[in-house]
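A.B. asks: Would you mind keeping the following structure in view while I ask a few things?
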Amino acid sequence: MPSPASSEPLLRAATGPSVPAEPSGDPQALTVVWEEPTAGGAPDDAAPVRLRWAGPAAEAPRGLLDRVRPGGHARARRITPPLVDHHVHGGAGVDLATSGAEDIRRWLAELRAAGASVVLGSLPALVPADLAAALERLRPLWEDGALAGVHLEGPFLSPARAGAQHPAALCAPDSTAGRRVRELLRAQPRGFVRTLTLAPELPGARAVAAELDAAGTVLCLGHTDAGPAEVAAALDWPRPGTSATPVATHLFNGMRPFHHRDPGPVPTLLAAARRGRLRLELVADGAHVAPELMALILEDPDLAAQTCLVSDAIAATGAPCGTVHRLGPAVVHAAPDAPRLGEPAEDGQGSKATGPEDGGRAPLAGGRRTLVEAVTALLATGLDADAVLRAAVLVPRRSLPETPAPELEDGVLVWGEGRPLVALPAARA
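Sequential numbering from 1 applies to the sequence shown in the working numbering.
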């Protein structure tokens, strides 16, 4: 993976405008191709780079500037600005709600090395004392830039759509516990709590939305049993110009399912996204959302322009099958297909708990892939690479206005040469 710390520039112009045959002696070596900024010239240190193509040197289009970065990156197929994970609870045994700061810092360094260097750390529903402790532990990581901020997935969620959230940690905004949480949020520095997921049908939800607006925190709608009218009303709560566009937390998951006579929130959320009034999170692991539905959204230009691909990864993501982990107060385990709620079965291949959905298996508890793994797998399916990378690089940065972002001009990512780039692994489903 290209390292921002390297003394060698990530991109450098060749001396001529055509691609030499096997410029590194390896026809499969990674070649980066960009648009020539001036006739016969090369990008200077400050000039933006228009990435046009990346792949094996033997397949490089002729007539474009190129530079092969030697060593360690053969067969990498995509060059991109760093990915942004808008919703991630942990990974590799690390749980943001309960693990120590040094373990979290190590895990974040591993994500950066893999290509996801901008992370919005998610906390599940927690009782006020546990939430205060978690925020205190994460705040130094935000202050030194290791975390882009925090997403609170709770505690103001519908008990009917709790998913893997611990029921004892849920509360209504106007309850005693809810008021304590709101006081705690008001005490946080601006920009630390970036997003908060809220079920709009709960008593006091609109007052919470107003407080989020004032704090510059993005309203996310999710874990909700609301119908179309309640969701439509909630979309009008943020005042224009005061905060970023609202977000639908992991669309389709943790909300009333669609039925043709009881449509629930999904059609209203999709319609709002088409009009540019809402951004959509999609858990991109191939387990939370059917591949056909993922393709339907990413192949629709209006919806793709508002979609954030997220991992929703947890401590059990990528862990050995049968191992037990934490998601805040909840017990989860690594099942063969994806992390699931509760204890594993004695043979380690199943789950003790069962649920009404997903064939009677224990509820899904988090994503089964890191964001880099998920994006790589999506690229291997043949989905439009521009749509996939936009949803993992550009759209999620809208919740992070201070984070440097590439620009999209005529379908091309424009990114300053002095900023880090990452090489994604060879695509495989």
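Note that the Cβ used here is the ideal one computed from N, Cα and C, for glycine as well. Values in this document were obtained by computation on a predicted structure and should not be read as measured data.
Would you kindly work out how many angstroms separate the C-alpha atoms of residue 23 and residue 88, rounded to a whole number?
C.D. replies: Note on residue 23: pLDDT 35, under 50, position unreliable in the model; the coordinate value appears next. Taking the straight line from one Cα to the other gives about 40 Å.
A.B. asks: Based on Cα-Cα distance, which residue from 80, 83, 95 lies nearest to residue 313?
C.D. replies: Among 80, 83, 95, the Cα nearest to that of residue 313 is on 95.
A.B. asks: If residue 80 and residue 424 are in contact, beta carbons under 8 Å, what's the gap, nearest whole angstrom?
C.D. replies: That pair is a contact at about 6 Å.
A.B. asks: Curious, which full-length alpha helix (DSSP H) runs of at least 4 residues does the region 199-229 contain?
C.D. replies: Counting only runs of 4 or more, we get 205-215.
A.B. asks: By Cβ distance, which residues of its chain are closer than 7 Å to residue 264, with the 5 residues on each side in sequence left out?
C.D. replies: 227, 255, 256, 257, 258, listed in sequence order.
A.B. asks: Among 116, 113, 114, 121, which has the Cα closest to the Cα of residue 104?
C.D. replies: Checking every option, the nearest Cα to that of residue 104 belongs to 121.
A.B. asks: Sort 214, 245, 229, 118 by Cα distance to residue 190 and report the nearest one.
C.D. replies: Per the Cα distances, 214.
A.B. asks: What residue range does the alpha helix (DSSP H) around residue 307 cover?
C.D. replies: No alpha helix (DSSP H) contains residue 307, which is instead part of the beta strand (DSSP E) from 307-310.
A.B. asks: From the DSSP output, read off the bridge partner residues of residue 91.
C.D. replies: Its beta-bridge partners are 94.
A.B. asks: Which residue comes first and which comes last in the alpha helix (DSSP H) that contains residue 244?
C.D. replies: Residue 244 -> no alpha helix (DSSP H), and no H or E assigned at all.
A.B. asks: Would you be able to state if there are at least three C-beta pairs under 8 Å between the region 285-292 and the region 368-385?
C.D. replies: Yes, the region 368-385 touches the region 285-292.
A.B. asks: When you compare only the Cα positions, how much space is there between residue 154 and residue 197?
C.D. replies: Residue 154 and residue 197: Cα-Cα distance of roughly 6 Å.
A.B. asks: Any chance the region 261-278 sits against the region 288-307, with 3 or more Cβ pairs inside 8 Å?
C.D. replies: The region 261-278 vs the region 288-307: in contact.
A.B. asks: Spell out a yes or no on whether the region 141-159 and the region 207-224 are touching, meaning 3 or more CB-CB pairs, one atom from each, closer than 8 Å.
C.D. replies: Touching, yes.
A.B. asks: Per DSSP, what kind of secondary structure is residue 35 in: helix, strand or coil?
C.D. replies: Note that residue 35 has pLDDT 37, beneath the 50 cutoff, so the model's placement of it is unreliable and the number below is only indicative. It is coil, neither helix nor strand.
A.B. asks: Look up residue 153 in the DSSP assignment and say whether it is helix, strand or coil.
C.D. replies: If DSSP states are grouped into helix, strand and coil, residue 153 belongs with the strands.
A.B. asks: Roughly how far, in whole angstroms, is the beta-carbon of residue 339 from the beta-carbon of residue 316, given that I think they are within contact range, below 8 Å?
C.D. replies: Between residue 316 and residue 339 the Cβ distance is about 4 Å, and since that is below 8 Å, they are a contact.
A.B. asks: Going by C-alpha distance, which of 401, 181, 392 is nearest residue 83?
C.D. replies: Residue 392 is the option with its Cα nearest to residue 83.
A.B. asks: Would a C-beta distance cut-off of 9 Å place residue 363 and residue 163 closer than the cut-off?
C.D. replies: In this structure, residue 163 lies closer than 9 Å to residue 363 by Cβ.
A.B. asks: In three-state DSSP terms, what is residue 494?
C.D. replies: Look at the range of the chain in this structure, 1 to 429, and you will see that residue 494 is not part of it.
A.B. asks: Using alpha carbons as the reference points, say which of 335, 318, 378 lies closest to residue 93.
C.D. replies: Comparing Cα positions, the closest option is 318.
A.B. asks: Report buried or exposed for residue 203, applying the criterion of at least 16 other Cβ atoms within 10 angstroms of its Cβ.
C.D. replies: Answer is exposed; the Cβ neighbour count stays below 16.
A.B. asks: Just how far apart, CA to CA, sit residue 165 and residue 379?
C.D. replies: If you take the alpha carbons of residue 165 and residue 379, they lie about 31 Å apart.
A.B. asks: Could you tell me if residue 143 is buried or exposed, where buried requires 16 or more neighbouring beta carbons within 10 angstroms of its beta carbon?
C.D. replies: Burial call: exposed.
A.B. asks: If you draw a straight line from the C-alpha of residue 182 to the C-alpha of residue 130, how long is it?
C.D. replies: Cα to Cα, residue 182 sits roughly 14 Å from residue 130.
A.B. asks: My guess is that residue 221 and residue 245 are in contact by the Cβ rule of under 8 Å, so how many angstroms apart are they, rounded?
C.D. replies: Contact flag wrong, Cβ pair sits at about 12 Å.
A.B. asks: If I measure Cβ to Cβ from residue 325 and keep anything under 6 Å in the same chain, skipping five residues before and after, which residues do I get?
C.D. replies: Here the set comprises 315, 316, 332.
A.B. asks: Just checking my contact of residue 308 with residue 86 at CB under 8 Å: how many whole Å lie between their CB atoms?
C.D. replies: The pair is a contact, with the Cβ atoms about 5 Å apart (cut-off 8 Å).
A.B. asks: Contact check, residue 225 vs residue 137 under 8 Å by CB: the rounded distance?
C.D. replies: With a Cβ gap of about 32 Å, residue 225 and residue 137 do not count as contacting.
A.B. asks: Let me check understanding here. Comparing Cα to Cα, which of 260, 376, 199 lies closest to residue 248?
C.D. replies: When only C-alpha atoms are compared, the closest one is 199.
A.B. asks: Counting C-beta neighbours from all protein chains within 10 Å, is the total for residue 176 16 or more, i.e. buried, or is it exposed?
C.D. replies: The residue is exposed, with fewer than 16 neighbouring Cβ atoms inside 10 Å.
A.B. asks: Using 9 Å as the threshold, is the C-beta distance between residue 169 and residue 125 below it?
C.D. replies: For residue 169 and residue 125, yes; Cβs fall inside 9 Å.
A.B. asks: By DSSP's criteria, residue 281 is part of a beta bridge. Which residues make up the other side?
C.D. replies: 308.
A.B. asks: Pull the bridge partners of residue 85 from the DSSP assignment, please.
C.D. replies: Looking at the DSSP assignment, residue 85 forms a beta bridge with 119.
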